[in-house]
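Working notes, structure below.
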Amino acid sequence: MSWTPILEGVSEAARLILSADKTVIEITLRSLQTAGYATLMASLIGVPLSIGIATGEFPGRRALKFLFNAMVGVPTVTLGLFLFTLFSRSGPLGSMELLYTVQGMALGQADLILPILVSFTVSAIESKGHELKDLARTLGASEVETSLAVVREAYSGVSLALVSSFNRAFAELGIVTMLGANIRGVTRVLTTAIALETAKGELGLSFALSFILLAVVLALNYVIDVLRGATQ
Amino acid sequence: MFNLAGFKINRNVAVVAAVLIMVTAGGLYWNLTRPQEKESLIVSTTTSLYETGVLDSLKTRFEANNPEYNVSFISQGTGLAIETAKRGDADLILVHAPASELAFMESGFGVNRKIFAYNFFIVVGPESDPAGVRGLGPVEAMLKIREAGLAGNALWVSRGDNSGTHSKEKALWKMTGLNLDEIKLETAEGSEGTWYVEAGAGMTATLQLAHQKDAYTLTDVATYLKNYKNGNIQLVKVVDSGEETLNVYSAIVCNPENSPRGMFDATMKFVQFLVSDETQRMLETYGEEEFGATLFKPWVPELENPDSDIVKWVGEQAYFDGSECPTQYRHQAGNLYR
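Top line first, the protein sequences correspond to chains A and B.
Residues are numbered in the working numbering as their position in the first sequence, beginning at 1, plus a constant of 1.
Residues are numbered in the working numbering as their position in the second sequence, beginning at 1, plus a constant of 141.
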């Protein structure tokens, strides 16, 4: 085997980007959209939940923390298979028509990244939160104000959790394959397109799409990194 | 610098963030507001058929004539394609495994089966042909490959994934009179490994494996040509078309009585389109440009020569009770079987 497919991939990626290839833009936007929705949903649930777990005192707190830590290791294909049965027409949520839609894929990815988000966020808050919480309380802050203060102080860690979750969703294949089925123009995203081109033996094009995926991840992470740096 | 809920934010960063948010929101808006009124016809299909690209051409043609529909293809192995249809998540299946097709119709989930194309599997192997099988029929060739395998001179790679191609391979081993469960475990002389290698992977991955190991394998023509042309593999065709390697593609409509999707009429339109003169003519030449060879033979024109070999072979291998779709499995078929 030579290096040809990789070199082809580099030039093909450059060509696709420079010519603003419509299909590539479409699937890249769809990847961003799906992972974006997923991160949004996961953070709406995950961040308050993490504050609760990290700063609250209630029975089962440790068990819950353990559960989320363990669930980080769930294989995407297993989660995808489980949700496929749920979303399928003959499944319990069939009437919601989530199968083969971006919304369905995003919901699946949100389930995937929730444990990652919670695990990271909880440890970020725990490393900063306890003294701060006591301090805020002593100064007479309300529950909500205290929570806000904790998140603000752990901001760097929380944003890292959000970025990691987004990256995980963006680069994930198992769930989008099972729930989206890689339908052209409907549910095709970067990772499923890469898998398809690899299966077809179009290795150069697969590499090109992979480089585009990596470029998007790098660009996004750079911007977020600048943002984080600026707020510290 | 200014303050937002306690976060100190640099002005430049704020501009970057605002632009990012606007771009994302714009993308979402663009995606959500595109016309979605079209009814979606979901076709579950085998990977080997999808990856040739022929279905995307068919989609374009069908949608041009029927703008009210949007055809979506889900590319899966035959087994999963049938399972998806049974769960009510597809309107039509395009498959190539007659035994599974009959079972699908017997279970009440499929009606109106229609054969639309055929082609032949081939056996490929290393240029040096260590088993000396070039020009033989597939069954003789596979027997010789096993002999060479036992002697430590050749390897066979199997898909091992219950795909249509894998079903065909198993059927061919059955024709050799050997017991596949037993030969799978046979080790090659002077080695710990077996001469029969199970890949458990798709066709391209299996071809790559065969190429790396200088082994023989059974493949469909399209996937082979594509990988050969791309320089991924240097294997050559050693066994060509014949009765035993026949590969028949058919369409089966999901039974509207068991399917909640309510797309029966549209699905029948698509099946009629598949067997129309125009589509059949297009199938005959498809692939010349991209693969340098045609990939399919249209089935409908063959029916004009009922005494030909091919009609006899398809009748033997892919008909049930002397028909491509016995009457008990037909449902409002119109003139589909005229």
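Note that CB positions come from ideal geometry on N, CA and C, so glycine has one too.
Boundaries of the beta strand (DSSP E) around tryptophan 297 of chain B: 297-299. Inclusion of leucine 80 of chain A and glycine 47 of chain A in the CB contact set at 9 Å is not warranted, their separation being larger than that value. Interface annotation for the stretch 210-236 of chain B against chain A: Ser213, Phe214, Ile215, Ser216, Arg228, Gly229, Asp230, criterion Cβ-Cβ distance under 7 Å. Across the structure, serine 51 of chain A and threonine 147 of chain A are spaced so that their CA atoms are roughly 14 Å apart.
Threonine 199 of chain A has a beta carbon lying within less than 9 Å of a beta carbon in chain B.
In the assembly as shown, tryptophan 336 of chain B is a buried residue. Its beta-carbon has 16 or more other beta-carbons within 10 Å.
Under the Cβ distance rule, glutamate 144 of chain A does not count among the residues neighbouring chain B, no pair being separated by less than 9 Å. Look at asparagine 368 of chain B: its C-beta is under 9 Å from a C-beta on chain A. Using a Cβ distance threshold of 9 Å, glycine 305 of chain B and threonine 219 of chain B count as a contacting pair. For the pair methionine 246 of chain B and glutamate 457 of chain B, the Cα-to-Cα distance works out to about 19 Å.
In the structure shown, valine 416 of chain B adopts coil according to DSSP, grouped into three states. The C-beta of threonine 187 of chain B comes no closer than 9 Å to any C-beta of chain A.
Judged by their CB atoms, isoleucine 393 of chain B and isoleucine 215 of chain B are not nearer to each other than the 9 Å cut-off. Annotated three-state conformation of glutamate 429 of chain B is helix, per DSSP. Excluding sequence positions up to five before and after serine 120 of chain A, its CB lies within less than 7 Å of the CB of Phe69, Asn70, Val73, all in the same chain and listed in chain order. Our two residues, threonine 199 of chain A and aspartate 135 of chain A, have alpha carbons roughly 55 Å apart in a direct line. Taking CB atoms only, arginine 202 of chain B has no neighbour in chain A less than 9 Å away. Valine 145 of chain A has its alpha-carbon roughly 53 Å from the corresponding atom of threonine 186 of chain B. Counting along the chain, asparagine 168 of chain A sits inside the alpha helix (DSSP H) bounded by residues 156-171. One thing to note: tyrosine 390 of chain B has its Cβ within 9 Å of the Cβ of histidine 237 of chain B.
Residues of the same chain with a CB within less than 8 Å of the CB of leucine 133 of chain A, apart from the 5 flanking positions on each side, are Ala150, Val151, Glu154 in chain order. The contact set of glutamate 192 of chain B on chain A, defined by CB atoms closer than 9 Å, consists of Leu197, Ala200, Lys201, Gly202 in chain order.
Only residues of its own chain outside the window of five on either side were considered, and among them Ala43, Gly47, Ala162, Ser166 have a CB closer than 6 Å to the CB of leucine 118 of chain A, listed in chain order.
Under the Cβ distance rule, isoleucine 183 of chain B counts among the residues neighbouring chain A, one pair being separated by less than 9 Å.
Per DSSP, glutamine 349 of chain B is one residue of the alpha helix (DSSP H) stretching across 344-354.
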